[in-house]
Ligand SMILES: Cc1cc2nc3c(=O)[nH]c(=O)nc-3n(C[C@H](O)[C@H](O)[C@H](O)COP(=O)(O)OP(=O)(O)OC[C@H]3O[C@@H](n4cnc5c(N)ncnc54)[C@H](O)[C@@H]3O)c2cc1C
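Residue numbers (the working numbering): 3 to 390.
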């Protein structure tokens with residue numbers, strides 16, 4: 003598809019990818035409507051996420067870096083620990099030491115709220131309670147069909163509907179389905195019993211990883227990622243019972259255990275998934291972005307979704323083909339997917355692999371971090387020229 007700016011765009015999904023793409027496309031002159039299945043963006047509830055410097059530079063191009071920063075807090079440093087409390091390395095968090103921007107952590111719902119508010123200010127219409135169930139590319143345009151019986155016509159349909167994307171399957175019925183990754187995630191807040199402000203800590207415990215970071219409000223934000231080969235029924239455990247349940251899992255890891263005992267809040271647990279490479283990212287007038295195309299994880303899901311949004315708007319506003327968007331994103335995202343797979347394996351490591359990690363990580367953090375992450379953090383997205 004090739005189209006000039008001023009085109010009509012239907013974005014399916016108003017999460018991070020959808021709201022960022024809507025903002026980027028509107029700023030470059032498109033007429034954009036977001037169709038979101040859920041009634042609201044979830045506000046302050048839900049879990050938190052981190053934005054790395056590459057995602058922050060994307061937000062700068064979208065004109066909302068400061069608003070996002072104000073909704074979260076800076077986390078310049080990352081420390082790695084063994085379960086027993088041995089330091090395994092210190093490195094910059096989501097950036098290179100030479101970067102002037104620092105990684106930011108915030109609640110996912112707050113990020114979505116900021117992006118949606120900025121998108122609306124740029125003229126985007128956001129319709130909630132609209133779940134995509136069908137789509138028809140009839141050559142002259144594309145028609146989106148929703149569960150409530152309504153339809154919408156557009157020149158371009160952007161599938162930003164996340165991991166369980168309906169757009170992905172409509173575009174290619176043979177597209178892969180997500181598979182349980184052997185890990186799940188439970189996060190929450192605790193009283194301040196460990197950690198220094200501004201530092202993201204990752205503990206490689208006996209039965210899974212455990213992340214924690216002290217927030218400016220005096221609480222500690224924590225996230226437990228137990229390794230569990232068989233898919234657990236997370237809904238079977240009441241929220242209030244999770245700290246006690248997890249205290250058994252992390253019984254051999256003193257800091258995670260202390261934080262779980264000091265837990266004051268638990269967010270809804272989620273299973274972690276992998277998705278085999280999605281063969282079709284775009285066809286005709288439809289394109290996939292964000293988790294719908296590539297759930298990367300590893301602290302890069304939101305940042306990669308923001309990058310997608312910028313590149314899509316650049317390509318569309320220049321009247322170029324969607325194939326060019328895919329060409330510009332495939333290799334970088336593929337590299338990130340490989341890094342994320344390695345990250346997942348480190349979290350599931352058994353006793354032998356853990357001992358190897360304990361030896362290798364201090365060397366990696368000291369000698370190889372900059373060389374192995376420069377491709378990720380120094381990426382140049384180019385410019386995003388706002389419509390006159
Ligand atoms: C536990 C966990 C921790 C994470 N931590 C981080 C982190 O630290 N850093 C990071 O960068 N990323 C992190 N991520 C990933 C990050 O949240 C996602 O990669 C990022 O939000 C991508 O957003 P998305 O918009 O593509 O998908 P989503 O955020 O899932 O949004 C999809 C939207 O589409 C809507 N939708 C779905 N189906 C339909 C439909 N049929 N019709 C209309 N609307 C629909 C949904 O309601 C939703 O609003 C984490 C993810 C998880 C699960």
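Each residue gets a CB set at the ideal place from its N, CA and C atoms; glycine is no exception.
Beta-carbon to beta-carbon, residue 311 and residue 19 are separated by about 6 Å, close enough to satisfy the 8 Å threshold. With a cut-off of 6 Å, the C-beta of residue 187 is classified as near ligand 1, since at least one heavy atom of the ligand falls inside that distance.
Taken from the Cβ of residue 314, every heavy atom of ligand 1 lies 6 Å or farther away. In the three-state reduction of the DSSP assignment, residue 62 falls in the helix class, which pools H, G and I. Beta-bridge annotation (DSSP): residue 136 is paired with 147. Cβ atoms of residue 253 and residue 263 stay farther apart than 8 Å, at about 11 Å. Under the three-state reduction of DSSP, residue 385 is assigned to coil, being neither helix nor strand. Proximity of the beta carbon of residue 159 to ligand 1 is not indicated: no heavy atom of the ligand is located closer than 6 Å.
For the pair residue 15 and residue 163, the CB atoms are nearer than the 7 Å cut-off. Nearest to residue 48 by alpha-carbon distance, out of 9, 30, 89, 241, is 241. For residue 239, no beta strand (DSSP E) run applies, since DSSP gives it neither H nor E. Inter-residue distance for residue 346 and residue 275 is about 10 Å (C-alpha atoms, whole angstroms). A direct Cα-Cα distance of roughly 44 Å separates residue 217 from residue 323. Ranked by how close their Cα comes to the Cα of residue 385, the residues 64, 28, 40 have 64 in first place. Residue state for residue 322 is assigned as strand, using DSSP reduced to three classes. Residue nearest to residue 286 within the set 238, 143, 69, 86 is 143 (criterion: CA-CA distance). When the alpha-carbon of residue 291 is set against those of 236, 131, 166, the nearest one is in 166. For residue 162, the Cβ falls inside the 6 Å cut-off from some heavy atom of ligand 1. Residue 127 is a Cβ neighbour of residue 35, given a cutoff of 7 Å.
Assignment of residue 377 by DSSP, reduced to helix, strand and coil, places it in the helix class.
The alpha carbon of residue 10 has as its nearest neighbour, out of 107, 369, 318, 188, the alpha carbon of 318. Within the stretch 197-235, the complete beta strand (DSSP E) segments at least 3 residues long are 201-207, 210-216, 221-228, listed from N- to C-terminus. Checking the 6 Å criterion, the Cβ of residue 243 is out of range of every heavy atom belonging to ligand 1.
Rounded to the nearest angstrom, the gap between the Cα atoms of residue 155 and residue 135 is 14 Å. Judged by DSSP in its simplified three-state form, residue 25 adopts helix. Between the alpha carbons of residue 23 and residue 289 lies a distance of about 12 Å. Excluding sequence positions up to five before and after residue 330, its CB lies within less than 7 Å of the CB of 313, all in the same chain and listed in chain order. Under the 10 Å beta carbon count, residue 245 is surrounded by 16 or more other beta carbons and is classified as buried. Each residue's CA atom was taken as its position, placing residue 27 and residue 179 some 28 Å apart. In chain order, 91, 93 place their CB closer than 6 Å to the CB of residue 367, counting only its own chain and leaving out the 5 sequence neighbours on each side.
Of 193, 184, 66, 270, the smallest CA-CA separation from residue 234 is found for 184.
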